[in-house]
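Engineer: Can you read through this structure? Questions will come right after.
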């Protein structure tokens, strides 16, 4: 049986072997994970994937089958494969907890490890956190426009594979969804599972009315009838009203009951259906909708006064359709030369690809009065910001916007928490419902301007003066010999 | 341990239970899988996912843990759970083989089964085939512009989860790629694995030159040096030339050697690098490129005369970035009323969502002389097209384009093959390399006009006269009582 240790790019393993034979594989180093732009042209990213990552790191090892396969490629030497057999993760990982809102250039996760162990983790770690943060962020965008409506994740059949479906459903919950149609995700992560009927149910009976009646017989308490199989307003809604009446007379109509629309003009159909329900005395019937929904369409439908109060979001959420990857990267930011820590920078012909050097953390500044977030400061680990002293916010990009936060008006929170120390898991994994509550709190610290779908306000993120100075110094040294 | 049987939408299981108690779960029915539009605004789709699907169908069953979980939800009754325990797939599946090119509205796969077994498979079947066909199609688009250049799949770190990475790599091969960086995919599917070094390798040494020299020492036969860590033209390329010279002098320069560019203007840098290599006597050095490549960018770079002959394609391929879902659906097209087969249609307020009724197959028409594909005809199963008689191609959408293919000028091929019959696997799964050869053949039957990236010619797909008549008849019946 192959293990997930093989779920990596070949070059990680060839570099590990190369460093091994060059005697550099055990050099201690520090890697940062960060991203450069918010997905969806949005104002933030919701961090997710840590629980999955912890499981991955905790269990990483090479099985005999893994090693036999690697040997069969002809690329690896026996002595190195023997060494691989004993490899596991023995370093430190610091990370922002799941549900944290984060911004471009910030350290989301920091790894201290022997170089070969860091290489071993890079690919899969990046994949897990890129994917799950992306979906959590998309879900949060949907939640910000849906208000208190019900939100259901319905995307499994369009997901990019099994893991995309399962971890996508979990990430949707971190983004503020109420449940999923994905039964396995429900079982694995204790997520509420939801769903009623498909068109094939309706088509299995001699008439829609018979199909609805059979459904009501079987599931009197989960009565959301799919109303668009034949003709929504001419047949689906009248048939639903017939059923609701029958149940009302029998005293079996549940508190929550209604219909789902899966095609056509959802604004128009929902308003007409609501009118028809109201006229028949069923004005509180739920109108659920699905069919290629995303945050933009939901926002439009609401602007048009639709009567929908429950949304099934599938394809657009589970694939993050308009921005289906988060470009999170994992970069060497320093390494030890004996006991001396030497900060490193990744130069690039693309200016935005140049990294921040050194061992860093993020300090988050909150306004004391409103509780809202004011700024993030990327610091060199160990630097402190004294909340009793004035804090100068200066911007490289827009110096005229520089300003001072008065001492006593703000609080400071350190964002990276220890997860693994010397290979030991020191972090108590929160339950999903705790992560969801924390994620809600996090979003509540943002003014609506930062949550806006289009042209959101950009969060103030700056380097500490010490970090800026270090970066300038190394940039100058690295560039010196080209001029 | 939960099984993949839980990897489904809840409503499939609630419908199964409902049908069970309504005594309708064993009704024989026929479902079609098809899609409505080509992804990427392209002219075709490459079908993939059948091998994965076969494994899924073959092993589907509910474990005790699955049943315990379902019981814990309070939705399912013991007698039904007891019944589920014995459920497996006992029906027939017909499908187009992997690597087949297909077009909108065509039956890609047809399931004959008891209704509850069809419901059981739907979600996961759709997910597997939507995902893998999507990536194979994207890869084929890249292959059509890359000509005979090397194409490497590099996307794991941006994949939407583990399965997306693994099955995406396999699908890329069906689309015509040469290998993957994904080691686990290599191990599972016998795919060539490829890769050299990352920036962190270069930064692990005191200088780029030292890093290159160490790499040449460790991997003298896999010598692609990453040239953009500091400054591509001022340092990376000169350092590479130094190494190539040292190896040439020592007689250790391999046949294939070169550099990889991962940032900056790839057209300009590759042309300049090629000039520098040529001047130093290394005009045959490979210039590989990566960095957010897709078929459009590769096509542009080639139009600009870039000197790149090896491409690493990551994010855009593995996520199908510009079109990250294939809207394949699974619809009831008929069911047995006793011994009588009753074709069914799915009406919809959206005209394009109305399905083709009945038990169908696809006949593909090839021009005898050129071997190129002329048209597909969706038929009712059992209909034949006699290649010795004239074939009338008529179009609903564009009647003025109707035309006649002369008898004797064409050949006919039936596209759906039996995969499972009465639950038994009757299909011999081809090796990946056979699938790849078949996929190449399939693409060769399309004129370049159908393969074009932008505004491709639309393949001629029509219903047989019998199918058209059946569809019209049912449509009329279904609509009659609304007017």
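Chains as they are written, first to last, in the working numbering: chain A, 602 to 1084; chain B, 602 to 1084.
Idealized CB from N, CA, C, for every residue including glycine.
Can you list, in chain order, the residues of its chain whose CB lies under 7 Å from that of residue 796/A, leaving out five sequence neighbours each side?
Structural biologist: 782
Engineer: Relative to the alpha-carbon of residue 747/B, which residue among 690/B, 907/B and 826/B has its alpha-carbon at the smallest distance?
Structural biologist: 907/B
Engineer: Is residue 802/B close to chain A, meaning its C-beta is less than 8 Å from at least one C-beta of that chain?
Structural biologist: yes
Engineer: Any beta-carbon of chain B closer than 8 Å to the one on residue 664/A?
Structural biologist: no
Engineer: With a 10 Å radius around its C-beta and 16 neighbouring C-beta atoms as the bar for buried, classify residue 1056/B as buried or exposed.
Structural biologist: Under this definition residue 1056/B is an exposed residue.
Engineer: Rank 1061/B, 1067/B, 986/B and 690/B by C-alpha distance to the C-alpha of residue 657/B and give the top, closest one.
Structural biologist: 690/B
Engineer: Can you list, in chain order, the residues of its chain with a C-beta nearer than 6 Å to that of residue 787/B? Leave out the 5 residues immediately preceding and following it.
Structural biologist: 794
Engineer: Anyone know if the C-beta pair for residue 837/A and residue 860/A falls short of 8 Å?
Structural biologist: yes
Engineer: Ignoring anything shorter than 4 residues or poking outside the region 836-863 of chain A, list the alpha helix (DSSP H) runs there in chain order.
Structural biologist: 838-851
Engineer: Compute the Euclidean distance between the alpha carbons of residue 715/B and residue 681/B, then round it to the nearest angstrom.
Structural biologist: 16 Å
Engineer: Per DSSP, what kind of secondary structure is residue 716/B in: helix, strand or coil?
Structural biologist: helix
Engineer: Looking at chain B, is there any beta carbon in it that lies within less than 8 Å of the beta carbon of residue 1011/A?
Structural biologist: no
Engineer: Are the beta-carbon atoms belonging to residue 612/B and residue 717/B less than 8 Å from one another?
Structural biologist: no
Engineer: Just mark residue 829/B as buried or exposed, buried being the case when its beta carbon has 16 or more other beta carbons within 10 Å.
Structural biologist: Under a 10 Å Cβ-count criterion, residue 829/B is classified as buried, with 16 or more other Cβ atoms of the shown protein chains found around its own Cβ.
Engineer: Could you check whether residue 730/A and residue 929/A sit closer than 8 Å to each other, using their CB atoms as the reference points?
Structural biologist: It is a contact, given that the beta carbons lie within the stated cut-off.
Engineer: Under DSSP, the alpha helix (DSSP H) around residue 916/B begins and ends at which residues?
Structural biologist: Where residue 916/B is concerned, the enclosing alpha helix (DSSP H) stretches over 916-919.
Engineer: Closer than 8 Å by beta-carbon distance: list the chain A residues that pair up with residue 878/B, in chain order.
Structural biologist: Within chain A, no residue comes near residue 878/B; the closest Cβ sits about 18 Å away, beyond 8 Å.
Engineer: Since residue 1079/B meets chain A, which of its residues come closer than 7 Å, beta carbon to beta carbon?
Structural biologist: 831
Engineer: Should residue 640/B and residue 709/B be called a contact, given that it needs their Cβ atoms to be closer than 8 Å?
Structural biologist: no
Engineer: Distance cutoff 8 Å, beta carbons only. Does residue 706/A sit that close to anything in chain B?
Structural biologist: No, residue 706/A lies away from the interface with chain B (no Cβ there is under 8 Å from its Cβ).
Engineer: Closer than 9 Å, Cβ to any Cβ of chain B: which residues of the region 625-651 of chain A, in chain order?
Structural biologist: 625, 628, 630 and 632
Engineer: Starting from residue 883/B, trace the beta strand (DSSP E) in both directions and tell me its first and last residue.
Structural biologist: Premise fails: residue 883/B is in no beta strand (DSSP E) and is neither H nor E.
Engineer: Please list the partners that residue 947/B has in chain A, where partner means a Cβ-to-Cβ separation under 8 Å.
Structural biologist: 800, 804 and 830
Engineer: Below 8 Å on the Cβ atoms is my contact criterion, and I expect residue 696/B with residue 1018/B to pass it. Report the Cβ-Cβ distance as a whole number of Å.
Structural biologist: 7 Å
Engineer: Identify the contact partners of residue 724/B in chain A, using a Cβ-Cβ distance below 7 Å as the criterion.
Structural biologist: 757 and 758
Engineer: Kindly indicate if chain A contains any beta-carbon less than 8 Å away from that of residue 738/B.
Structural biologist: No, residue 738/B does not count as interfacial toward chain A.
Engineer: Applying a beta-carbon distance threshold of less than 7 Å, which residues of chain A neighbour residue 901/B?
Structural biologist: Listed by position along chain A, the residues whose Cβ is nearer than 7 Å to that of residue 901/B form an empty set, because the closest Cβ is around 17 Å away.
Engineer: Here's the rule: buried if 16 or more other CB atoms are within 10 angstroms of the residue's CB, otherwise exposed. What is residue 864/B?
Structural biologist: Residue 864/B comes out buried.
Engineer: Pull up the distance between the alpha-carbon of residue 773/A and that of residue 911/B, whole angstroms please.
Structural biologist: 38 Å
Engineer: Using a Cβ cut-off of 8 Å (strictly closer), state whether residue 761/B contacts chain A.
Structural biologist: yes
Engineer: Less than 8 Å between C-beta atoms, sequence neighbours within five positions excluded: which residues of the same chain meet that for residue 1077/A?
Structural biologist: none
Engineer: If we count the other Cβ atoms within 10 Å of its Cβ and call it buried at 16 or more, is residue 666/B buried or exposed?
Structural biologist: exposed
Engineer: Give me the chain A residues within the contact set of residue 731/B, using Cβ-Cβ distance strictly less than 8 Å, ordered along the chain.
Structural biologist: Counting only Cβ-Cβ distances below 8 Å, residue 731/B has contacts in chain A at 758 and 759, in chain order.
Engineer: Between which two residues does the beta strand (DSSP E) carrying residue 759/A extend?
Structural biologist: Note, residue 759/A: premise wrong, no beta strand (DSSP E); not H, not E.
Engineer: Please go through the region 921-998 of chain B and give each complete beta strand (DSSP E) segment of 3 or more residues, from N-terminal end onward.
Structural biologist: Counting only runs of 3 or more, we get 930-938, 941-944, 961-968, 974-981 and 992-994.
Engineer: Let me check understanding here. Comparing Cα to Cα, which of 618/B, 1075/B and 1041/B lies closest to residue 744/B?
Structural biologist: 1041/B
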